[in-house]
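Take the sequence shown: its letters are residues 149 to 289, numbered as in the numbering used here. Presented below is the structure to which this report refers.
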Amino acid sequence: MGALPLLSPALRNIPPGMRDELARLAARWLEAGHTSADVHEHVLRGLPGAGTPVHRPGGLVRYLLREVPPRALPQLASQPPGPRLSPRLEGARECSGDHVQPMLFRPVGDETLCARCLSRTPHAPSPDPESPGSARLPVEP
Numbered sequence: 149m150g151a152l153p154l155l156s157p158a159l160r161n162i163p164p165g166m167r168d169e170l171a172r173l174a175a176r177w178l179e180a181g182h183t184s185a186d187v188h189e190h191v192l193r194g195l196p197g198a199g200t201p202v203h204r205p206g207g208l209v210r211y212l213l214r215e216v217p218p219r220a221l222p223q224l225a226s227q228p229p230g231p232r233l234s235p236r237l238e239g240a241r242e243c244s245g246d247h248v249q250p251m252l253f254r255p256v257g258d259e260t261l262c263a264r265c266l267s268r269t270p271h272a273p274s275p276d277p278e279s280p281g282s283a284r285l286p287v288e289p
């Protein structure tokens, strides 16, 4: 707890009577497997923005340390290498067609082109102008 004033000027005025209580709260974090760096990082994340005064720094630190989160397990090596996509983009694939910027789409099967590129390919069947579903423009005499 002696390092708290070094973390932020807002924590310089913690009352001496609260230090034992805060030390016990920090000890619970250490017992749960967190490091002192984890505790410092958690306290720093909970501090208000620059320029916002902290009127009761001891109470703020007590509030921040009250709940001890479970220790995060190290990530397993079974994850594929490379950047991880957000859950919203899972299953998306980059189109191999000609785009100015990368174009993501959700493939139905093993296709590598988005629907727009598929419609532009020369082997795609062109709509029959005589079919009943096609629109015809009126021709003026």
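Just so you know, even glycine gets a beta-carbon here, dropped at the ideal spot from N, CA and C. Quantities reported herein were computed from a predicted structural model and do not represent experimental measurements.
Provide the residue(s) that pair with residue i in DSSP beta bridges, ordered along the chain.
{"i": "R241", "result": "F253"}
My output table needs one value for residue i: the three-state DSSP class, helix, strand or coil.
{"i": "S279", "result": "Only weak support is given to the placement of S279: the predicted model assigns it a pLDDT of 49, under 50, and the value that follows is read from those uncertain coordinates. Coil at S279, not helix or strand."}
{"i": "S234", "result": "coil"}
{"i": "H247", "result": "coil"}
{"i": "C262", "result": "coil"}
{"i": "L173", "result": "helix"}
Would a C-beta distance cut-off of 9 Å place residue i and residue j closer than the cut-off?
{"i": "L213", "j": "H190", "result": "yes"}
{"i": "T269", "j": "R241", "result": "no"}
{"i": "A151", "j": "V202", "result": "no"}
{"i": "L155", "j": "L178", "result": "no"}
{"i": "A180", "j": "P218", "result": "yes"}
{"i": "C265", "j": "L252", "result": "no"}
{"i": "G245", "j": "C262", "result": "yes"}
Residue i: buried (16+ other C-beta within 10 angstroms of its C-beta) or exposed?
{"i": "H182", "result": "buried"}
{"i": "S282", "result": "Residue confidence for S282 is low, a pLDDT of 43 falling below 50, so the modelled location carries little weight; the figure read from the coordinates is stated next. Exposed, by the Cβ-count rule."}
{"i": "V256", "result": "exposed"}
Pop quiz: residue i and residue j are said to be a contact at Cβ under 8 Å. What is the actual Cβ separation, rounded to whole angstroms?
{"i": "L170", "j": "R204", "result": "So it is not a contact: roughly 12 Å between Cβ atoms."}
{"i": "G206", "j": "P153", "result": "Not a contact, Cβ separation roughly 12 Å."}
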